[in-house]
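Chains as they are written, first to last, in numbering that gives the first Met the number 0: chain X, 0 to 438; chain P, 0 to 563.
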Amino acid sequence: MVRRQDCGSPEHQAHRRLFLQGSMAAGVASVASFNGLFSIPTLAQETKKQGKKCILLWLCGAPSQFETWDPKPGTITGGPFGSIATSLPGIRISSLMPRCATIMDKLAVIRSMSTEPSEHFQGIDVLTRGEAPRPPFTRPILGSVVAEQLGQLDSPVPQFVLLDPCPEGNEFKSFKAGNWAGWLGAEYGPVRSGGEYAIPDLLRPESLAQVDHEDREALRNFLSRKYQNEQRSQAAAGYNAAFDRVRGLMSCAPLFDLDTLPAADRERYGPGAFAQHALQARHLIENGSTFVMVANGMPWDNHVFQHEMHQMLVPEMDNVLFQLVTDLEQRGMLEDTLVIAMGEFGRTPWLNEARGRDHYSKAWSMAMAGGGIRGGVVVGNTDPMGFEVTENAIDNRRLFATIFKTLGIDGNEQYDLPDLPTFHRVEGNVQPIEELLIG
Amino acid sequence: MKNSICLIAVLPRLFAIASVKCMVVCLLVAIASGHGRLTAQEASLQGIGSQGIGSQGITSQIDRRIALGYSKASIVPAEICTDEQFVRRLYLDIAGRIPTLAERASFIEDRSATKRLDWIDRLLVGEDYVQNFADTFDTLLMGRASRGKMGERQNHWRPYLEDVFRSNRPWDQVAREILLARPEGARQAGAVWFLYERNDNAQAIAEAVAPAFFGIRIDCAQCHDHMIATEIHQQHYWGLVAFFNRSKNAKTNAGPRLSESAIGGFSEFANIYGSSYPNLLTFYESKTIDETRPEKDAKQEDSQELYLPATNPEDPRIPKFSRREKFVEEILNGHPRFAKAFVNRIWAMLMGRGIVHPYDQMDSVHAPSDSELLDGLAEEFIDSGYDIRGLVRGILAARPYQLGSLRPAGAEDPSRFAWSIERPLTAEQLGRSLQIALFQSASKDHACIADLRDRMPEVLPETFVTDVGDALFLTNNPKIQQMILEASKQDGLVAKLALREDTRAAVDEMFHAILGRSAEQTELDTVLEFVQARLAKRPAIEPISVWQSAVWAVLTSAEFRFNH
């Protein structure tokens, strides 16, 4: 008697034979350890496939341009910190950033960011998605677009990872609860991890042997696919696809374990979740992730005692960016890995009564490195007090056009999805910032 | 009732015209009107019409309108589902869980000609119906909440919701009790919680009232007229806010209450173009309530003369001009969306999607798949005195609810309801069904339910996506594993299976307990091989652990995860 399972393809037969013999588990046992994963040639090849990657250091809350990339020492509102010379003749940055000053020739800084929204939620929307919202349509966030365009969905390593140890953070908290992947669909959403909020249920229950764990999944898969095929069920297909990712994700558990990283590296990046996650981002990119977003709640929103707060935050960011860019270069990965460090806007030139700086989106700064971005370039300028952009104003669209261009993604492409009006990856047919592009 | 009379006159002509065009339609008419050979299921369905009390009109409208939709689109709908499929679906939709083995057997063995309707009626007066609908309405009206908030709801809101469904309170009365929030007697006390939990946030209240009672979302209209559903204006948003912006939470000796001021709450809202407008007392598809507005910057004096004392001295005094009362009496009362929104939501709960989909965006962008059906059902619902149970029964008794779940060839459009649309179990349904499958009994407070709520919060999602986190949860979460370990003791399913001498019978029993059906031959053979290969292994694997794996595999298969 010929038995039919699934669609009857030989693949299913082999699959079925393997699990019936209980050898499924034996065959993949080595996957349980992270190193084991990459001792399997096909997987190793896949994950090392060349392609551009991106790390976004998301400085949520919005850092001050005056205490970072565009200092105005000696002016009445310039603040107490001086400026220092950099490896780029004639270019000075805040004295809170001595390490980045030594690698300015590798960094690209835009001092003429000028965007619309000056409230957090709207600012986060525009600077992570590239465009203001047009409800009810939800534009996918940068990481989802990059994962969809450049990622390998069949890779066990998650393509878009959000590292954020802080479940709180005012508007960023509500933003995080929203729909990140938008019209691309949830499969392009981030795997969220970080700090104590590691990926839940990633480890096999202790009471269950590895062999049982693998075998029962094989049986589940057989029964569940049979239902999916016979019902021609999209919902069941999605359900089964999620289970397909489980084994891969579990095999990556060590990737998410900070303790597996060398102590010397961890010390170099420094204590604190933001620094450690930046290191973890490097590790994830090295091992097959395509986009890693590093955030830490919303610490930069310093309406009160801005100088004191920035005195703590900026040197940490300075070191993290320095270590990351230096590491990537030493590993030969900087050419293909774009690093972006920015928030959702800047801070006011003037101080408020609480010695804080408030939101300011008219003239602010951000930095990038690697991934085809030309180092040693400073784009645009602001007036002596930092009130206005005096040269080469850059908005979110031109920034995103530049990011997409350098990653090799067509910014003018139209999203062609059912029930969707015409949307482009970047609206308005804007041009990337040519002086920043190497290629 | 006007619609249905009109329909009866038109219907035969439409069929006659269509049937000339297409042979398929002749067949449809035969099915729709009950001619031709009757299967046992058909016969059971026939009996329904004669017995449904107060819901007949609903059932017959659905059957007529939906059949007309099939013929217009030249679709042959799925067959009526089997008793096995029906009993699982009915229990999930009404009792909020799969049936026990005994309940299922009792249904299958029932020889009554009207058994489907009999069981619908039986389940609709049961406590499981009360709990299931209270669960769903809690989420639809209030949203998911932290465990702390859920605990507070247990003391106030939950008993009220349960009483609503247990006593089949008319929906218009429920809406009035919730929005007027002046409870008369203990049974109404919890009604205040809808407003109270929103903690004096009038915008949050407005954004909840619009979908809960009118089936529309107005959040977008906060800053500008709705850009897409252009009939929803910014003044509707701020008008709805104004009806509630004089209300404040009040802790009284009688419990939480909503006080209301007689003054204040006047403001202007600015649109994105910089113009500003007064926040008049108005709402979508409603009139504007007259109210004397003070001159700009004029200070209003509050005084005792502006209030009446409450009947119960513990309750807050009542303003003579009460915005909340005006809203309930003059906006809510008789609002053209009110009945339609409720009918559409119940339809969505039972049919997998609304006549307007998504069920809470009944605006000009989301047209009903059959506006006459929606209007007709709303009218029937109003005529029935807003009888919730009658509406539910009317839909369950209709043919579209009882179709098979396999999409027939040629039918693409789910809004025709030509097959039973697959839908995920809610966290509560899943948690209870897991218990029934493993222990043949379920507690609504089982520890797994809170975890499932956190993990799978969605109810009636517009589109359903399984997150990889859900799969990780079902695979590795210690509580799920713990349930299977518990079922390995005493009367648990795993323990019973492991004791069986006859492995083949055990496999079949497992399918019955979890999926409510016999194992098909390929399934039987496959699971049998799986089990036997492991039992024969040396060193031997404990039977209990083999059955734990098998039970887990069936419980986490897609067939269990969905209602179909």
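Note that beta-carbon positions come from the ideal geometry of N, C-alpha and C, so glycine has one too. Since the model is a prediction, treat every value here as computed from it, not as a measurement.
Item                                                                                                                                                                     : Value
Looking at chain P, is there any beta carbon in it that lies within less than 7 Å of the beta carbon of Glu426(X)?                                                       : no
What do you reckon, are the CB atoms on Pro76(P) and Leu402(P) nearer than 7 Å?                                                                                          : yes
Taking Phe242(P) as the reference, give the member of Glu206(P), Thr229(P) and Ala253(P) with the closest Cα.                                                            : Glu206(P)
Suppose contacts are defined by Cβ-Cβ distances below 7 Å. Is Asp507(P) in contact with Ala518(P) by that definition?                                                    : yes
Is the segment 293-304 of chain P touching the segment 277-285 of chain P in the sense that three or more CB pairs, one from each, lie closer than 8 Å?                  : no
Between Ala269(P) and chain X, is the shortest Cβ-Cβ distance under 7 Å, so that the two count as touching?                                                              : no
List the endpoints of the continuous beta strand (DSSP E) containing Cys80(P).                                                                                           : From DSSP, Cys80(P) is part of no beta strand (DSSP E); its letter is neither H nor E.
Does the segment 209-227 of chain X touch the segment 160-178 of chain X, meaning 3 or more C-beta pairs lie closer than 8 Å?                                            : no
In three-state DSSP terms, what is Cys251(X)?                                                                                                                            : coil
Please classify Ala446(P): does DSSP put it in a helix, a strand, or coil?                                                                                               : helix
Check whether the segment 368-377 of chain X and the segment 330-340 of chain X touch, using three or more Cβ-Cβ pairs below 8 Å as the test.                            : yes
From this set, Ile54(X), Cys53(X), Gln64(X) and Lys52(X), which residue's C-alpha is nearest Val313(X)'s C-alpha?                                                        : Gln64(X)
Is the CB of Cys219(P) under 7 Å away from at least one CB in chain C?                                                                                                   : Included in the structure are the protein chains X and P, with no chain C among them.
Among Glu259(P), Gly254(P) and His223(P), which residue has its Cα nearest to the Cα of Tyr272(P)?                                                                       : His223(P)
Taking a contact to mean a Cβ-Cβ separation below 7 Å, would you say Val378(X) touches Ala362(X) in this structure?                                                      : no
Threshold first: 4 residues or longer. Then list the alpha helix (DSSP H) segments lying entirely within the segment 150-205 of chain P, N to C.                         : 156-165, 170-179, 185-188 and 192-195
Would you kindly work out how many angstroms separate the C-alpha atoms of Ala486(P) and Gln531(P), rounded to a whole number?                                           : 21 Å
Just by C-beta distance, which residues in the segment 284-311 of chain X are closer than 9 Å to chain P?                                                                : none
Mind listing the chain X neighbours of Gly468(P)? Cutoff is C-beta to C-beta under 8 Å, in chain order.                                                                  : Ile198, Pro199 and Asp200
Determine whether the beta carbon atoms of His212(X) and Arg203(X) lie at a separation below 7 Å.                                                                        : yes
What three-state label does DSSP hand Tyr187(X) in the structure shown?                                                                                                  : helix
In angstroms, rounded to a whole number, what distance separates the CA positions of Glu266(X) and Val319(X)?                                                            : 11 Å
Tell me, please, whether the segment 109-126 of chain X touches the segment 150-158 of chain X by the rule of three or more beta-carbon pairs shorter than 8 Å.          : no
Rank Lys172(X), Leu435(X) and Ala294(X) by C-alpha distance to the C-alpha of Gly193(X) and give the top, closest one.                                                   : Ala294(X)
What residues in the segment 311-324 of chain P have a beta carbon less than 9 Å from any beta carbon of chain X?                                                        : none
Tell me which same chain residues have a C-beta within less than 6 Å of the C-beta of Glu313(P), skipping the five on either side of it?                                 : Thr251, Asn252 and Ala253
Have a look at Leu67(P), Ser258(P) and Arg143(P) and flag the residue whose alpha-carbon is nearest the alpha-carbon of Asp450(P).                                       : Arg143(P)
Less than 6 Å between C-beta atoms, sequence neighbours within five positions excluded: which residues of the same chain meet that for Ile140(X)?                        : Thr127, Arg128 and Trp179
Kindly list, in the order they appear in chain X, the residues whose Cβ is closer than 8 Å to that of Arg146(P).                                                         : Those do not exist, as Arg146(P) stays about 15 Å from chain X at its closest Cβ, beyond 8 Å.
According to DSSP, which residues form a beta bridge with Thr287(P)?                                                                                                     : Thr281(P)
Starting from Asp211(X), find everything on chain P with Cβ-Cβ shorter than 7 Å and list it in chain order.                                                              : Ser544 and Ser548
Taking 7 Å as the threshold (C-beta atoms), are Met103(X) and Ile90(X) in contact?                                                                                       : yes
With a threshold of 6 Å on Cβ separation, who are the neighbours of Gly375(X) within its own chain once the five nearest residues in sequence on each side are excluded? : Leu87 and Asp104
If you run the structure through DSSP and keep just helix, strand and coil, what is Leu152(X)?                                                                           : coil
Is the segment 96-114 of chain P in contact with the segment 425-432 of chain P, if contact means three or more CB pairs nearer than 8 Å?                                : yes
Please name the residue, chosen from Tyr400(P), Gln434(P) and Gly264(P), that lies closest to Cys80(P) on a Cα-to-Cα basis.                                              : Tyr400(P)
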